[in-house]
Each structure stands twice: as structure tokens, then as C-alpha cells.
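Asks: Starting off with a structure, shown below.
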Amino acid sequence: MSQVTEYDNAPKTDHAYDGIEEFDNPLPGWWKWLFVASILFSPFYFLFYHGGAAGRSVEDQYGIALAENTRLQFAEIGDLNPDEATLASYMNKPNWVRVGQSVFKANCISCHGREGEGQVGPNLTDEYYKNVKNIEDIAKVIINGAGGGAMPKWSDRLHPNEIVLVSAYVATLRGQNIESNRGPEGKTIPPWPEPVEDEPETPEE
1 MSQVTEYDNA PKTDHAYDGI EEFDNPLPGW WKWLFVASIL FSPFYFLFYH GGAAGRSVED
61 QYGIALAENT RLQFAEIGDL NPDEATLASY MNKPNWVRVG QSVFKANCIS CHGREGEGQV
121 GPNLTDEYYK NVKNIEDIAK VIINGAGGGA MPKWSDRLHP NEIVLVSAYV ATLRGQNIES
181 NRGPEGKTIP PWPEPVEDEP ETPEE
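Once you know that position 176 of the sequence shown is 176 in the UniProt record's numbering, the rest is easy, because the numbers rise by one and skip nothing.
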């Protein structure tokens with residue numbers, strides 16, 4: 001005589017597969033409602049963090065945090081001047097160009113696009129420039145603004161080093177020719193100057 005176990009009298013569903021019965025053991029109500037709430041919440045989460053709004057994505061927030069942290073590292077490079085030699089030098093320093101890119105993505109993509117392709121503001125990736133005739137003019141436009149306020153001045157919102165580094169980053173966008181809805185604006189200008197290599201220090205005699 002087989003022994004009766006506690007499972008023999010447990011409620012079962014009407015489902016049976018090759019003689020195998022299925023216990024009627026539904027998920028807890030709180031789990032079901034949590035699942036439903038997650039589904040209902042997901043569209044709002046997607047729209048907020050992945051809807052293209054500047055500064056909301058994880059990548060953008062990381063870039064902003066990186067830029068904040070980099071301000072603590074400015075003691076390493078001192079105070080930068082937005083002149084031709086400095087910009088030409090820093091546009092060829094990948095680590096610092098990434099800092100400029102972070103500043104750009106934190107502050108500039110709403111007008112110039114995520115990759116600099118232009119939206120409200122002009123395309124920064126072609127060979128045409130409206131307010132720039134040489135590389136240091138990029139920094140001047142960022143500092144003072146342009147277009148009667150269409151491009152606001154950033155001298156009161158960015159650290160001077162951030163202005164230099166974001167200018168260097170913008171300079172690196174030239175010639176990428178990313179597809180844009182904005183046509184050429186302005187005139188072509190001479191190529192950027194080549195960076196001047198730092199001369200090795202000579203030991204004192």
C-alpha cells in the first residue's frame with residue numbers, strides 16, 4: 001500500500017502532460033502587480049532617458065560627471081590661453097579632447113547636434129564657417145557669443161580651461177562631414193595650423 005504524501009491532496013490544474021500533473025500554485029498577487037507596474041513604467045523610463053533630450057542618457061550623465069571631475073585635474077595643466085598654439089596643441093591630445101567632448105555634450109548638443117552635425121546652430125563638421133577665420137576664433141565665439149545672441153556667450157558659465165578644451169574638440173570635428181539637414185553656411189577657410197611640438201628641456205650647466 002503506497003504512502004499518501006502531502007502533495008497527493010494538493011490542488012492541481014486540469015493540465016496534464018504524459019501523465020504529469022501541474023500543481024495549482026499561482027504567483028503571488030504582489031508579484032503580478034509589480035510585473036504589470038514595471039511594464040506600465042517602462043515607456044516613461046524609455047522616453048525620459050532615451051528620448052534624445054540632452055543630458056539625460058547614462059552616457060551624457062557620465063560625461064557631465066567626468067567634466068566635473070576633470071576640473072579637479074586642471075592644476076596639472078594650469079591656466080590655458082585660447083590662442084592658436086594652445087588650441088592646435090590640445091586638439092591633438094586625445095585625453096584632453098575627450099574632456100572637451102564631455103563639455104560639448106553637456107552644453108552644446110541641443111543646438112549643434114550630438115555629433116556636431118548642426119540643428120539650430122550650424123554644422124561644425126564641414127569646411128564652412130560663419131564666424132571663424134582661424135582656430136582661435138572658435139574660442140572667441142564661445143567666449144563672446146555670435147549672431148546677435150543666437151549663439152550665447154559661455155564665458156560666465158564655463159571654466160576658461162573648459163573653453164579651450166571644448167574649442168579644441170570642435171576643431172577636431174572639421175572635415176568629418178556628418179550628414180546634416182543644414183546646408184553649407186559661411187565660407188571655407190585655411191586649414192588649422194600644425195601643432196608645435198614641445199621642445200625638450202635642456203639641463204642647466
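Heads up, the beta-carbon is just placed ideally off N, CA and C, and yes, glycines get one too.
In terms of residue numbering, what span does the beta strand (DSSP E) encompassing Glu22 cover?
Replies: Going by DSSP, Glu22 is part of the beta strand (DSSP E) stretching over 20-23.
Asks: List the residues that DSSP assigns as beta-bridge partners of Ala16.
Replies: Under DSSP, Ala16 takes part in a beta bridge, and its partners are Glu21.
Asks: Could you tell me whether the region 84-91 touches the region 182-196, where touching means 3 or more Cβ pairs closer than 8 Å?
Replies: yes
Asks: Quick one: what does DSSP say Thr172 is sitting in, helix, strand or coil?
Replies: Reduced to three states, the DSSP call for Thr172 is helix.
Asks: Taking the beta carbon of Trp33 as the centre, do at least 16 other beta carbons fall within 10 Å, making it buried, or is it exposed?
Replies: Of the other Cβ atoms in all chains shown, fewer than 16 fall within 10 Å of the Cβ of Trp33; this residue is therefore exposed.
Asks: Can Thr172 and Val99 be called in contact, C-beta distance under 8 Å?
Replies: No, these two residues do not count as a Cβ contact at 8 Å.
Asks: For the alpha helix (DSSP H) that contains Trp31, what are its first and last residues?
Replies: 29-50
Asks: Kindly indicate the opening and closing residues of the alpha helix (DSSP H) around Lys140.
Replies: 136-144
Asks: Could you give the C-beta distance for Ile138 and Trp154, rounded to a whole number, given that I count them as a contact under 8 Å?
Replies: Rounded, the Cβ-Cβ distance is 12 Å, inconsistent with contact.
Asks: Tell me whether the region 176-184 and the region 107-119 touch, counting them as touching only if at least three CB pairs, one residue from each stretch, are closer than 8 Å.
Replies: yes
Asks: Rounded to a whole number of angstroms, what is the C-alpha to C-alpha distance between Asn134 and Glu68?
Replies: 29 Å
Asks: For residue 265, does the three-state DSSP call read helix, strand or coil?
Replies: Shown here, the chain extends from 1 to 205; a query on residue 265 therefore has no answer.
Asks: With the cut-off set at 8 Å, would you say Leu66 and Ser110 are in Cβ contact?
Replies: no
Asks: What residue range does the alpha helix (DSSP H) around Thr86 cover?
Replies: 84-90
Asks: Going by CA-CA distance only, name the one from Val164, Glu136, Asn131 that's closest to Gly149.
Replies: Asn131
Asks: Per DSSP, Thr188 forms a beta bridge with which residues?
Replies: Looking at the DSSP assignment, Thr188 forms a beta bridge with Tyr128.
Asks: Find out if the Cβ-Cβ distance for the pair Tyr45, Ser57 is shorter than 8 Å.
Replies: no
Asks: For Gly113, which residues from the same chain have a beta carbon less than 7 Å from its beta carbon, with the 5 sequence-adjacent residues on both sides left out?
Replies: Contacts found: Gln119.
Asks: Given a cut-off of 8 Å on the beta-carbon distance, is the pair Leu80 and Asn161 in contact?
Replies: yes
Asks: Excluding the five sequence neighbours on either side, which residues of its own chain have a C-beta within less than 8 Å of the C-beta of Asp14, listed in chain order?
Replies: none
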